[in-house]
Amino acid sequence: MRPALDAFERGMAGAAAEWHAAASEVDRVLLSEWEARQCEEMFHLCERVYSPAEAALRDTVATGYVSSDVVRAIRAVACQRSDWRGHPVACDRSASVLIACLSTALRATRCHARVVLAPQVQEPPAALGRAGLQRALAACSGAEPEPEPGLSRRLAAAANEAAELALICREAKAADGSSSPMSTPSGVLGSFAAAFEEAAAALCDGLARQFAGTHRHALRAASAAAWPACGHGARAAAPPQTPRGQERSALEGPCAAATRFLEETLDGGPALAARLACEALLRLLVRRWARRFCRGARRPAGVAAVLAQVAADEGALDRLAATWGVAARRASGGSDPVRPLREVCGILAAPQPDAEARAGAGRMEELLGVQQATNLAAAAAAVCSAAACPAGHRRGRRRAASAGAATGSPGRAAELPDAV
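Each residue of the sequence shown is one higher than the one before, counting from 84 in this note's numbering.
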């Protein structure tokens, strides 16, 4: 009896091995077919979702951000990969499918972003009628053309979608274990997340330009020459003093308009898109503020009054940043769009303003550019220099600067270059 049982066990063992080999081959064939079909479906889905007809249809639906079919499909692929983690072959194929789908979605997102941003890059080819001629003349004179209706909503929808895809990549990267096929030194998912976030940031920059076109009156307050002048001589009456800590910022109106604009356009999108859009608006407001400061620095003023006004403006921008998550990002080591105002405060409070201005100009170049950073630092140092000089000496320096400008010699005009 025993020899017969041993022979039966040996036979079954061989059959089980054959069955496992056959099952593995079936898995390989099915997974290969699934991989090819999934990639093809994603390609056709991106073509359909980002087609002009589908985009126009989405613009006519009710407001409120809803994830697109592309986002839902990629999220489903990421969840499928998590479900198959115990099957090495299937997990490897799902990782390949996820990479291919993300690559297709990234290519489609960038193409869609170029299409959405096209009205801001160049004028559409239209007949030169009266309206087109007026817009062309306005552009030649330096005035911004009227924004295209509905462009803000399209920019916000595209930015929300790109930001959500970036969040999916980050979630998938965080869910990876050390044994996962996607845990590679190259950081594939991290690279995709950075690429989608870059696309979302470009769209948010376009959204900020759209804000500049639709809120000109609010931005004019940020560029107005509201400056705490101290008069042009010893007999000039002193201006009314505002109690310390109660200075009112000229940026409160633009910041309130920016908050309403973000609430209306983003409309429930991911927090990443809100933060990127707020950063773009903050950069816009800070550039406008820098131009105003450079113009105001040409008039004499007390350092304490200017420092209090700059601190009030900084507080208004910080409150806007805290509302939309930019302050938390700055606390974790991210960029600080409000840094130029902090640098100006440091220059005004420094015992050696000229040395601090040279150092601060280099730190502001990334946000303002070389020319505007240099102008802003020089303007802040000039406020300290003008406050340290008597009124008669200031008039003498202004006459010397005018004579220097006429003769070509360096003078006060060289110390305060025109703002960009």
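Don't be surprised by glycine CBs; every beta carbon is placed ideally from N, CA and C.
Burial state of residue i (16 or more Cβ within 10 Å)
| i | result |
| --- | --- |
| V160 | buried |
| D152 | exposed |
| D166 | exposed |
| E346 | exposed |
| Q293 | buried |
| M125 | buried |
| C223 | Only weak support is given to the placement of C223: the predicted model assigns it a pLDDT of 43, under 50, and the question is left unresolved by the model. |
| H195 | buried |
| A442 | exposed |
| E254 | exposed |
| R331 | exposed |
| C162 | exposed |
| P135 | exposed |
| E397 | buried |
| G352 | buried |
| A276 | buried |
| A105 | exposed |
| A119 | exposed |
| A391 | buried |
| S262 | Residue placement at S262 is flagged as unreliable, the pLDDT there being 45, under the threshold of 50; the coordinate-derived value follows with that caveat. The residue is exposed, with fewer than 16 neighbouring Cβ atoms inside 10 Å. |
| R237 | buried |
| A201 | exposed |
| A373 | buried |
| A354 | exposed |
| G169 | exposed |
| G316 | Only weak support exists for where G316 lies, its pLDDT of 35 falling under 50; the value from the coordinates is given anyway. Exposed, by the Cβ-count rule. |
Within 9 Å, strictly: CB atoms of residue i and residue j
| i | j | result |
| --- | --- | --- |
| C122 | R190 | no |
| C287 | A242 | yes |
| R193 | A333 | no |
| G233 | K256 | no |
| A183 | R164 | no |
| V453 | L431 | no |
| A360 | A291 | yes |
| A409 | L451 | According to the sequence shown, residue 409 is Val rather than Ala. Against a cut-off of 9 Å, the Cβ pair of L451 and V409 comes out as no contact. |
| A245 | A357 | no |
| R371 | L302 | yes |
| P420 | V389 | no |
| A438 | A380 | no |
| E280 | A239 | no |
| A405 | A411 | yes |
| P423 | A464 | no |
| R197 | W117 | no |
| A469 | E362 | no |
| G505 | V180 | Only positions 84 to 503 of the chain appear in this structure, which leaves residue 505 out of reach. |
| F344 | S235 | yes |
| H298 | A258 | no |
Run of the alpha helix (DSSP H) containing residue i, from where it starts to where it stops
| i | result |
| --- | --- |
| W372 | A354 to G379 |
| P420 | P420 -> no alpha helix (DSSP H), and no H or E assigned at all. |
| P436 | P436 to L451 |
| A333 | Where A333 is concerned, there is no enclosing alpha helix (DSSP H), given that its DSSP letter is neither H nor E. |
| G289 | V271 to T297 |
| R253 | L234 to A258 |
| R158 | D152 to D166 |
| D396 | V386 to T406 |
| R412 | V409 to A414 |
Cutoff 9 Å: residue i Cβ touching any chain B Cβ
| i | result |
| --- | --- |
| R402 | Judged by its chain identifiers, the structure shown contains no chain B, having just a single protein chain. |
Integer Cβ distance of residue i from residue j, believed to fall under 8 Å
| i | j | result |
| --- | --- | --- |
| T348 | L403 | Not confirmed; about 15 Å, so no contact. |
| A456 | A444 | 5 Å |
| R446 | E426 | 6 Å |
| L114 | V172 | 7 Å |
| A394 | C428 | 6 Å |
| I251 | R158 | 6 Å |
| A295 | L367 | 6 Å |
| E247 | V154 | 5 Å |
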